[in-house]
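Visitor:
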Amino acid sequence: QKEVEQDPGPLSVPEGAIVSLNCTYSNSAFQYFMWYRQYSRKGPELLMYTYSSGNKEDGRFTAQVDKSSKYISLFIRDSQPSDSATYLCAMSVYNFNKFYFGSGTKLNVKP
Amino acid sequence: GAVVSQHPSRVICKSGTSVKIECRSLDFQATTMFWYRQFPKQSLMLMATSNEGSKATYEQGVEKDKFLINHASLTLSTLTVTSAHPEDSSFYICSAPVPGLGTDTQYFGPGTRLTVL
Numbered sequence: 073q074k075e076v077e078q079d080p081g082p083l084s085v086p087e088g089a090i091v092s093l094n095c096t097y098s099n100s101a102f103q104y105f106m107w108y109r110q111y112s113r114k115g116p117e118l119l120m121y122t123y124s125s126g127n128k129e130d131g132r133f134t135a136q137v138d139k140s141s142k143y144i145s146l147f148i149r150d151s152q153p154s155d156s157a158t159y160l161c162a163m164s165v166y167n168f169n170k171f172y173f174g175s176g177t178k179l180n181v182k183p
Numbered sequence: 192g193a194v195v196s197q198h199p200s201r202v203i204c205k206s207g208t209s210v211k212i213e214c215r216s217l218d219f220q221a222t223t224m225f226w227y228r229q230f231p232k233q234s235l236m237l238m239a240t241s242n243e244g245s246k247a248t249y250e251q252g253v254e255k256d257k258f259l260i261n262h263a264s265l266t267l268s269t270l271t272v273t274s275a276h277p278e279d280s281s282f283y284i285c286s287a288p289v290p291g292l293g294t295d296t297q298y299f300g301p302g303t304r305l306t307v308l
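So the protein sequences, as listed, match chains A and B. Using our numbering, the first residue of the first sequence is number 73, and each one after it goes up by one. Using our numbering, the first residue of the second sequence is number 192, and each one after it goes up by one.
1) CB A157(A) to CB Y111(A), shorter than 7 Å?
2) Between which two residues does the beta strand (DSSP E) harbouring E243(B) extend?
3) When Cβ atoms are compared, which residues of the region 151 to 173 of chain A fall closer than 7 Å to chain B?
4) Does chain A have any CB closer than 7 Å to the CB of S234(B)?
5) Give the straight-line distance between the Cα atoms of G207(B) and N99(A), rounded to the nearest whole angstrom.
6) Quickly, what does DSSP pair N94(A) with across the bridge? List them, please.
7) Taking DSSP as the reference, what is the three-state secondary structure of S124(A)?
8) In terms of alpha-carbon separation, which member of E77(A), Y123(A) and S124(A) lies closest to N94(A)?
9) Helix, strand or coil: which one does DSSP assign to P86(A)?
10) In chain A, which residues lie with their C-beta within 7 Å of the C-beta of Y298(B)?
Have a look at this one:
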């Protein structure tokens, strides 16, 4: 079993839709949870990070962490064609260097 | 915000040659940097942790003698792929911890695409 599971997609939605991206994990020691956006042939760009459980909102993006279910989500409101990219979830144990990445979900927002 | 740069962005080389990739933190100091490799349509795989002033820490299965890492200063780490072969062709990405937050979140460089002919 992988440490982090993420549906690779592709996920195709119309412009303006609400997008839900999810990851599950198996290691209950994970404390930090991140979402990165990666455009084709570019490095990942940090979107959101959260510590432990709860919600965090930043503009059109909302990150949710449910540690009891070992499940994290990223919601994108009013999706735009420019949001089309691969979204990677990542998590780590506090004070540990190693990041565990999901395989990434490819999102396509159609105009 | 914090920025990490990489150079070159793309390199094509012949089999058997060595290739050096630079990773720089542009407006902050990084005592630790990380090197990842990403194959097409796959996620990032951590290769090694680069430590300023000491030896790099390699992940299991990564050849130390093939992937030489040098953390020359608080803003520069280099990855040298020695005697490159076609199977080394990949997207190499470095990252550095976000200032003030330890190593729990990282900023990534734009990546270097290596093609070995």
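C-beta atoms are modelled at their ideal positions from N, C-alpha and C, and glycine is treated no differently.
Guide: According to the structure data:
1) Result yes, Cβ atoms of A157(A) and Y111(A) sit closer than 7 Å.
2) Premise fails: E243(B) is in no beta strand (DSSP E) and is neither H nor E.
3) Against chain B - using a Cβ distance shorter than 7 Å - the residues of the region 151 to 173 of chain A are L160, S164, Y166, N167, N169, K170, F171 and F173.
4) At a cut-off of 7 Å between beta-carbon atoms, S234(B) makes contact with chain A.
5) So the two alpha carbons sit approximately 41 Å from each other.
6) According to DSSP, which records beta bridges pairwise, N94(A) is partnered with S145(A).
7) coil
8) Minimum Cα-Cα distance from N94(A) among the listed residues E77(A), Y123(A) and S124(A) corresponds to E77(A).
9) strand
10) L118
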